[in-house]
Amino acid sequence: MDIAINTGNSKYHVDKNGYYGRFGGAYIPEMLYPNVEELQTQYFQILSDPSFQQEFDALLRNYVGRPSPLYLAQRLSEKYQANIYLKREDLNHTGAHKINNTIGQILLAKRLGKTRIIAETGAGQHGVATATVCALMNMECVVYMGSIDIERQAPNVARMKMLGATVVPATSGSQTLKDATNEAIRDWINNPIDTHYILGTASGPHPYPDMVARFQSVISEEIRKQLKEQTGSELPDYLIACIGGGSNAAGTFFHYLDEPSVKIVAVEAGGKGVHSGFSAATTQLGHLGIIHGAKTLLMQTSDGQIIEPHSISAGLDYPGIGPMHAHLYETGRGQFLSATDDEALAAAYELSKLEGIIPAMESAHALAKLKDLPLQKSDNVVLCLSGRGDKDLNTYISHMTK
1 MDIAINTGNS KYHVDKNGYY GRFGGAYIPE MLYPNVEELQ TQYFQILSDP SFQQEFDALL
61 RNYVGRPSPL YLAQRLSEKY QANIYLKRED LNHTGAHKIN NTIGQILLAK RLGKTRIIAE
121 TGAGQHGVAT ATVCALMNME CVVYMGSIDI ERQAPNVARM KMLGATVVPA TSGSQTLKDA
181 TNEAIRDWIN NPIDTHYILG TASGPHPYPD MVARFQSVIS EEIRKQLKEQ TGSELPDYLI
241 ACIGGGSNAA GTFFHYLDEP SVKIVAVEAG GKGVHSGFSA ATTQLGHLGI IHGAKTLLMQ
301 TSDGQIIEPH SISAGLDYPG IGPMHAHLYE TGRGQFLSAT DDEALAAAYE LSKLEGIIPA
361 MESAHALAKL KDLPLQKSDN VVLCLSGRGD KDLNTYISHM TK
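Per the UniProt record's numbering, residue 1 is the first one in the sequence shown, and the count goes up by one each step.
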């Protein structure tokens, strides 16, 4: 995998100062400056090292199970009258794309001499992936998770504990992903020497958005090869991914950002309706602000207080988006749509019945927008199925019985 791909001439990748256009940067407490500076000065050199890439590739292949399949969903394609390919990140070890990033970051942490790992998680998939690699590498693991998410993602909490992680509930604010991230950052401030923060999404202070995107870019690297094998062309007509902070979307889009013929579609969580007061559609509702160390689009009041997001999906329940995605939205390179809770549920049931695949609630948001795109019969559409639906069965069951 070429994680050290040269992106110096691209206007959609991070610049030397850690910005995507006007978004990005590193807005951090003074106590964290040495940690973040260490990452900024060393991450690219480490990622470019052949021995790092060799170890990373071997683990992705032999432990994670990559490459993940690119599956032509025949019945889904018939319904929407286009060629719909699903990038099956749900088939990775631990059941989602998150493991790509945690494998990369645990190897990075080892080379930086860190002995303790912390992480935040919403849907629990990143927490499970972090706990998994910490078990693999014999490192202490502490995962922060909102109290509400602990209740609605109980199977993943059990997995994390079985893997040896300590799960710490975040009881402030909305008790969801934003608050879990706040607690993880507080921990990092208190333990700056021995601790590495494995941030799960393409947000946070530079270099995290770029670093996470590069580790996840194995997704689009594989799509290019697999699509060419199946269709004769590396370039789809549409690329679709759900987006909260945006790690699966960053990985899906990465190797296509400078291919103008490829339409990029990101789907946010519309909750109970974009303007209902219960939504996480950041590009529609957000304004320039700073959250968790990055300048980006953020749902906030006129005096800068964060507006609590809402989504039926724990992984999309976040009031901001990563700076790369904010830049794609502002420049018009990406089309940003939103799907409501009800639309996502309907799409999840549809995929289950048409293809025998139960998707994660996050991925279901991306599936929900197939009906709203002006698809042609000849179009090749690649949709990132970012995770599997085991963790959401309680949510699905509760709505099936209504």
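Ideal placement from N, C-alpha and C gives every residue a C-beta, glycine not left out.
Under DSSP, V143 takes part in a beta bridge, and its partners are A119 and V167. Excluding the 5 residues flanking it on each side, N100 has same chain C-beta neighbours closer than 6 Å at F215, Q216 and V218, in chain order. Take the alpha-carbon of Y318 and the one of H292: they are about 11 Å apart.
Cα atoms of N83 and N156: separation of roughly 33 Å, rounded to the nearest angstrom. For the options S302, G273, T331 and L288, the alpha carbon positioned closest to that of P309 is the one of G273. F23 is bridged by DSSP to Y20. Going by beta carbons, P205 and Y27 fall inside the 8 Å limit.
Taking C-beta atoms as the reference points, A346 and H365 fail to come closer than 8 Å. Separation of the CB atoms of I243 and V267 is rounded to 6 Å, and the pair is thereby assigned contact status at 8 Å. The beta-carbon distance between G315 and H325, rounded to whole angstroms, is 15 Å. This is too long to meet the 8 Å contact definition. The shortest CA-to-CA distance from D49 to any of D90, P67, Y12 and L107 is the one to L107. The continuous beta strand (DSSP E) containing Y238 extends over residues Y238 to C242. A direct Cα-to-Cα measurement between L393 and A249 gives close to 23 Å.
K79 places its beta carbon 8 Å or farther from that of T195. With 16 or more other Cβ atoms inside 10 Å of its own Cβ, L39 counts as buried.
By the neighbour-count criterion, in which 16 or more other beta carbons inside 10 Å mark a residue as buried, M299 falls on the buried side.
CA-CA distance, K371 to L76, rounds to 11 Å. Nearest C-alpha to Q125 among M400, K391 and R66: K391.
Within the region 311-356, complete beta strand (DSSP E) segments of at least 3 residues are found at 334-340, given in chain order.
In the three-state DSSP reduction, V262 falls in the coil class, being neither helix nor strand.
Here the alpha carbon of G304 sits roughly 13 Å from the alpha carbon of T296.
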